[in-house]
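Participant: First the structure, which I've put down as structure tokens, then a few questions once you've had a look.
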Amino acid sequence: MSAELTLESRLPLPSSDAQIPVLGLGVCVSSRCEESVLSALKQGYRSVDTAQIYYNERETGSAVNKFLSQNPSVKRSDIFVCSKLWEVDLSRSDMPTSFDELCNAGPWPLNSLEAGHTTYSKEAALEGINKSLKTSGLDYLDLYLLHNPRPGAKARHQAWLGLQEALKSGKTKAIGVSNWSPKHIEDLMAHSDVDVLPAVNQIEFHPWNQQRVITDYCRSKGIVVTAYSPLTQGKRLGDPVIKKIAEKHGKTAAQIVLRWCLQMGISIIPKSDRDARIAENSDVFGWSLDSEDMSEIEKLDEGQKGNIGEWDPFAYE
1 MSAELTLESR LPLPSSDAQI PVLGLGVCVS SRCEESVLSA LKQGYRSVDT AQIYYNERET
61 GSAVNKFLSQ NPSVKRSDIF VCSKLWEVDL SRSDMPTSFD ELCNAGPWPL NSLEAGHTTY
121 SKEAALEGIN KSLKTSGLDY LDLYLLHNPR PGAKARHQAW LGLQEALKSG KTKAIGVSNW
181 SPKHIEDLMA HSDVDVLPAV NQIEFHPWNQ QRVITDYCRS KGIVVTAYSP LTQGKRLGDP
241 VIKKIAEKHG KTAAQIVLRW CLQMGISIIP KSDRDARIAE NSDVFGWSLD SEDMSEIEKL
301 DEGQKGNIGE WDPFAYE
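For the sequence shown, the positions run 1 to 317 when full-length UniProt numbering is used.
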């Protein structure tokens, strides 16, 4: 990707007519989700990434609908909304009712899986996307993902069949996966009843974990890679290499990291609840990093040791 990129730039998705914006707003653990989404949309963002497990599909959909009602020149088709199916049914009475409660709930996801309460079946996956639509108040989603590979190969296959049905019925414009390894995708595509390639693999990606095995594989298949936590939740932005390049370009460390992701061909969904930071994160167009910058940042890769989150795609069969 080059300096010609703009906030309006999109990447084509395989197995779909949809195109994903290169920059979107992530709303994981957002303390003011509706306000943040509205702020981003007003600033020109046209992509929002939510999930069942974030407990803010309702706020995300409300913000999108409110923005559309206030801006009749913008169509629903102009805004790209992604959500994700969690591995267990969060509407069950014994499930946490908020993300904060979830974080203090101990090993409940695994316990629920062991008890057979997974949403990774064809019927449950279809029910899951219906719940996401009802909760968000949206008529359709632009992208729906299986949030993680943990339930196992058989369950992933069955859930994917449900997503294929949702795609064919128009409940979503594209379907994909998150935190999957190449083996997970290869195993899925080996089934004769799977005829839709994942359009997106959303993974943790940044200079300190460049996920080269996954990104190389996805590029070879035409699968778009979307980076969550591209800014490492701010934990690595003090890196001397990044700071030096930021000073060279008169940009912030965050802008350097985001621009690097874009030039690597990765779509990005940085999260922020601050209007000024949302604006800062979108000021990554109209300029570019040179080959020396790109090479210096490439050397920062630590592989999975550089992960800041819990998901290692290679840790699951």
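C-beta atoms are modelled at their ideal positions from N, C-alpha and C, and glycine is treated no differently.
Hey, which unbroken runs of the alpha helix (DSSP H) at 4 residues or more fall wholly within the segment 9–60?
Facilitator: Runs of the alpha helix (DSSP H) inside the segment 9–60: 33–42.
Participant: For the structure I just gave you, are there three or more beta carbon pairs, one from the segment 147–163 and one from the segment 186–203, closer than 8 Å?
Facilitator: yes
Participant: Which residue marks the beginning of the beta strand (DSSP E) containing G176, and which one marks its end?
Facilitator: 175–178
Participant: Quick one: Cα of R58 to Cα of K134, how far?
Facilitator: 9 Å
Participant: How would you label G26, buried or exposed, when you count the other beta carbons within 10 angstroms and need 16 or more for buried?
Facilitator: buried
Participant: Under the three-state reduction of DSSP, which class applies to L145: helix, strand or coil?
Facilitator: DSSP, read as helix, strand or coil, puts L145 in strand.
Participant: Please state if the CB of F285 and the CB of L90 are separated by a distance shorter than 8 Å.
Facilitator: no
Participant: Once DSSP output is grouped into helix, strand and coil, what is the label at Q210?
Facilitator: Here Q210 sits in coil by DSSP.
Participant: Which residue from D94, K42, I203, R236 puts its Cα closest to that of P72?
Facilitator: K42
Participant: Below 6 Å CB to CB, which residues in the same chain sit around I175 once its five sequence neighbours on both sides are set aside?
Facilitator: Y144, L163, L167
Participant: Nearest CA to the CA of N307: which residue from K251, F205, R219?
Facilitator: F205
Participant: Any idea if G234 is buried or exposed, counting beta-carbon neighbours within 10 angstroms, 16 or more meaning buried?
Facilitator: exposed
Participant: Any idea which residues DSSP pairs T118 with across the strands?
Facilitator: Answer is V88, bridged to T118.
Participant: Would you say L11 faces chain D, with C-beta separation under 8 Å as the test?
Facilitator: Of the protein chains in the structure, only one exists, and it is not chain D.
Participant: Which ranges does the beta strand (DSSP E) cover as unbroken runs of at least 3 residues, wholly within the segment 190–239, from first to last along the chain?
Facilitator: 200–204, 224–228
Participant: Alpha carbon to alpha carbon, how far is I256 from Q263? Give it in angstroms, no decimals.
Facilitator: Each residue's alpha carbon lies about 11 Å from the other.
Participant: Mind checking whether L272 and I278 have CB atoms under 8 Å apart?
Facilitator: Going by the sequence as given, residue 272 is Ser instead of Leu. Yes, they are a contact pair.
Participant: I need the DSSP call for T135, collapsed to helix, strand or coil.
Facilitator: helix
Participant: Using a Cβ-Cβ cut-off of 7 Å (strictly less than) and excluding sequence neighbours within five positions of A115, which residues of its own chain qualify?
Facilitator: Caution is warranted here: a pLDDT of 49 is assigned to A115, below 50, making its placement in the model unreliable, and no coordinate value can be reported.
Participant: Excluding the five sequence neighbours on either side, which residues of its own chain have a C-beta within less than 6 Å of the C-beta of P21, listed in chain order?
Facilitator: The answer, listed in chain order, is R10, R46, S47, F80.
Participant: Am I right that V88 and V64 are in contact with their C-beta atoms under 8 Å? What's the rounded C-beta distance?
Facilitator: V88 to V64, Cβ: 26 Å. No contact.
Participant: With distances taken from CA atoms, which of A40, L300, V29, R32 is nearest S282?
Facilitator: A40
Participant: Suppose the cutoff is 6 Å on Cβ atoms and the five residues either side in sequence are ignored; what does the same chain contact list for P182 look like?
Facilitator: Y217.
Participant: Near P149, which residues of its chain fall below 8 Å by C-beta distance, leaving aside the five closest residues on each side in sequence?
Facilitator: R156, V177, N179, W180, S181, H184, P313, Y316
Participant: Reducing DSSP to helix, strand and coil, say where F314 ends up.
Facilitator: helix
Participant: Can you check whether the CB of G303 is closer than 8 Å to the CB of N201?
Facilitator: no
Participant: Sorted by chain position, which residues of the same chain lie with C-beta nearer than 7 Å to G309's C-beta, five sequence neighbours on each side aside?
Facilitator: E204, S229
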